[in-house]
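Input: a single structure, listed below in structure tokens.
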Amino acid sequence: MISSLRQPSIAISGSDVVFGKRHATLIPPRSFLPSLVSEKSHRYVVSLKKPLHLACIGLGNFGSVKNFETEKSFEKGDLVKCGAYEADRSEVEDSGTPSAAAKKVKIGIYFATWWALNVVFNIYNKKVLNAYPYPWLTSTLSLACGSLMMLISWATRIAEAPKTDLEFWKTLFPVAVAHTIGHVAATVSMSKVAVSFTHIIKSGEPAFSVLVSRFILGETFPVPVYLSLLPIIGGCALAAVTELNFNMIGFMGAMISNLAFVFRNIFSKKGMKGKSVSGMNYYACLSILSLAILTPFAIAVEGPAAWAAGYQTAMAEIGPQFIWWVAAQSIFYHLYNQVSYMSLDEISPLTFSIGNTMKRISVIVSSIIIFHTPVQPVNALGAAIAIFGTFLYSQAKQ
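Using the numbering used here, read the sequence shown as starting at 2 and increasing by one per residue.
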């Protein structure tokens, strides 16, 4: 019989030995094991630095009356003879706990996947909006596609359905409102201006995050954090002033999207605390609720008549390929947001905003290359200053 004793909580694990002899009595463990607490005699002093392994090397005679609580004397052969030896902690502790390095690798994979999916989404989304300028319906289709994908996954048990209650949906509602506003505002912006311009303006999201956290949530930050916001704001302003295809609706859409998504990230992090719902299922529930909120507004703003006319025009100009564009932008929108929420499950809202900004570098560069967007040197300088400010911000936050 081999038992183990782990410190500092002094607990012994093992099997009780009961022999089927007449008058056999279950022996309380403390009646035949010496106390592990240091007493007057140094004979029972043990090391607390390493866990102990207790090995039973002999059993005495338990056949006679052995109630050690009442008996003042007993035979020597009645004792359980044990030996103990110290062992390295690695022998008894669970080695399955993920290390900090493994967690960083996991978050890095999430970020890389998130950025790649976002690039693909932005390309197809711009293609759709160029041929079909109805951002409210496009936004609705993105949410509908993601909701349908998750409902099928839950029904087929590909993914485990979340266990929610009314309180969960109440907490989720403000998050869904912010997500809906941010999603529509960003889509409206990209329907009016170049993808690169929208994402240059949206690179100012850390500034909104700090300002909201400071004046609404009451959080304070070191002075270097506030100073790092200056190049972010200045770079975005320079890029906006020198933008060749500047449009006020596109600019305001990006700004509103920044503010809405900051609230979404903060409320999401608060809502995910203490909940058994994973990041993936949390975003799925968010999509379903946002779809319910957005659908009546999309119908009121644009309407089925305009959608039908636009569809006929797009099919005449693009052909059946247009349908695949719509499907691709809807699927990739859900996938990149799902992965981003899996990231948010592991990090803080401010770190999430930093990752979101760094993601925009790949989106800006890829969209300029694919859509041949004309960029002036001063415009590129403004974008570079804003991105550099984001880097300074991330360093100041550390």
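We treat Cβ as the ideally placed atom computed from N, Cα and C, and that holds for glycine. Since this is a predicted model, take the numbers as computed values, not measurements.
Rounded distance between the beta-carbons of residue j and residue i, thought under 8 Å
i    : j    : result
L144 : S291 : 5 Å
G311 : Y135 : 5 Å
L130 : T139 : 6 Å
V340 : T188 : Wrong, their Cβ atoms sit about 19 Å apart, outside the cutoff.
A299 : W137 : 4 Å
S344 : I108 : 6 Å
A397 : V226 : 5 Å
I202 : A241 : 6 Å
I386 : G235 : 6 Å
Selection from the options that minimises the alpha carbon distance to residue i
i    : options                   : result
L239 : L228, D166 and V379       : V379
S288 : A307, S154, S148 and Q313 : S148
L231 : A329, V211 and A261       : V211
S367 : S100, F122 and K105       : F122
Y283 : P163, A103 and V106       : P163
I388 : A329, V364 and K127       : V364
C237 : R361, T157 and V302       : R361
T165 : A285, A329, I319 and V302 : A285
Sequence-distant residues of its chain with Cβ nearer than 6 Å to residue i (five each side left out)
i    : result
E220 : S214
F372 : none
G251 : S190, K193 and V194
Y394 : P207 and S229
F333 : L118, V121 and F122
A186 : G254, I257 and S258
W326 : Y125, K128 and V129
A261 : A179, I182 and G183
P175 : F268
M359 : none
Residue i burial status per 10 Å Cβ neighbour count (16 or more: buried)
i    : result
N246 : exposed
A208 : buried
I233 : buried
V46  : Low per-residue confidence applies at V46: pLDDT is 48, beneath 50, and the placement is therefore not dependable, though the value from the model is reported in the following sentence. Exposed is the call here.
V196 : buried
S100 : exposed
W170 : exposed
L173 : buried
L27  : Residue placement at L27 is poorly supported in this model, since its pLDDT is 49, which falls under 50; the coordinates are not used for a value here.
G97  : With a pLDDT of 48 at G97, under the threshold of 50, the modelled position of this residue cannot be trusted; read the value that follows with caution. G97 comes out exposed.
8 Å Cβ cutoff met for residue i and residue j
i    : j    : result
G383 : T199 : no
T391 : S204 : yes
A177 : I348 : no
F112 : G356 : yes
M1   : Y342 : Only positions 2 to 399 of the chain appear in this structure, which leaves residue 1 out of reach.
S269 : C146 : no
Close Cβ partners of residue i (< 8 Å) along its chain, the five nearest in sequence each way excluded
i    : result
F323 : V129, A132, Y133, A315 and M316
L218 : I267
Q377 : T243 and L245
P1   : This structure does not reach residue 1, given that the chain is present from 2 up to 399, and the question cannot be answered.
L167 : none
A328 : C146
V302 : W137
Residues near residue i by beta carbon distance below 7 Å, same chain, minus five either side
i    : result
V38  : Because the pLDDT of V38 is 45, which lies under 50, any placement of that residue in the model is unreliable, and the number read from its coordinates should be weighed accordingly. Answer for V38: no residue qualifies.
M150 : H335
T296 : T141
T180 : Before going on, a small fix: residue 180 reads as His here, not Thr. Contacts found: R265, L287 and S291.
W155 : A162
Y248 : Note that residue 248 corresponds to Asn in the displayed sequence, not to Tyr. The answer, listed in chain order, is K193 and V194.
T157 : none
I319 : A132
A102 : none
E94  : With a pLDDT of only 44 at E94, under the threshold of 50, the placement of this residue in the model should not be trusted; the figure read from the coordinates follows. Counting only Cβ-Cβ distances below 7 Å, and skipping sequence neighbours, we find nothing.
Proximity test, Cβ basis, 8 Å: residue i and chain B
i    : result
P232 : The displayed structure is made up of one protein chain only, and chain B is not part of it.
Contact test: residue i Cβ vs the ligand SAH heavy atom, cutoff 7 Å
i    : result
A385 : This structure does not include the ligand SAH; it has no bound ligands of any sort.
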